[in-house]
Ligand code: SF4
Ligand code: SF4
């Protein structure tokens, strides 16, 4: 009975000391920072953007993968990037252009809310129109704002019909030659 009382008191005193030690440790970190005590003041949590130490694109490692950019003038609409993307975050829609050698990429969307920045899409892009930029700040308030669109836009029914006629004309010219 007596042993049990002593052990409880010892345990209580240990807990009090542990608590006091923990408070003292916190104070040694917080007070120099709050009171701006010279050398002891070290930054534990950085503000964002931090006026002193914030990182810029130049601080990134050379092979870092930032947000994607597609140069739509070079993109052939082959959809290889869409097929290989493990996160299914690329959507490509294309249709024949005004001549047989040109595909019209009407939709090219990348959903950055799903992208894991693996870089596979860039690797398979033969014309190298798709690249990782060094831009890494893409935060947005709404998920829909995280979809980047590089497509040329949908064409009208009249345009589609007139382009079909142009292609047919150039095909018959080729046959005549
Ligand atoms: S980087 Fe990876 S996850 Fe992101 S779009 Fe390309 S293939 Fe998909
Ligand atoms: S792989 Fe390259 S060329 Fe092909 S659709 Fe994707 S971005 Fe365009």
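Residue numbers (this note's numbering): -8 to 168.
We put the CB at the ideal spot given by N, CA and C, even for glycine.
Check: How is residue 107 classed by DSSP in three states: helix, strand or coil?
Finding: coil
message = Quick check on DSSP: helix, strand or coil for residue 134?
response = helix
From the DSSP output, in three-state form, read off residue 50 for me. helix
- Cβ neighbours of residue 57 in the same chain (closer than 7 Å, five flanking residues each side left out): 123, 124, 125, 126 and 127
Check your understanding: Between residue 92 and residue 143, is the Cβ-Cβ spacing less than 8 Å?
Key -> no
Quick check on DSSP: helix, strand or coil for residue 16?
helix
Selected residue, minimal CA-CA separation from residue 118, among 82, 65, 84 and 39: 65
Starting from residue 81, follow the beta strand (DSSP E) in both directions and report where the run begins and ends. 81 to 87
| task | Indicate the three-state DSSP secondary structure (helix, strand or coil) for residue 22 in the structure shown. | result | helix
State the DSSP-derived secondary structure class of residue 102, mapped to helix, strand or coil.
strand
Check your understanding: What is the DSSP secondary structure of residue 58, counted as helix, strand or coil?
Key -> coil
message: For ligand 1, I want to know if residue 119 counts as a neighbour, meaning its beta carbon is within less than 7 Å of at least one of the ligand's heavy atoms.
response: no
Practice prompt. Using alpha carbons as the reference points, say which of 4, 116, 107 and 39 lies closest to residue 72.
Written response: 116
Cβ-heavy atom distance, residue 53 to ligand 1, below 7 Å:
no
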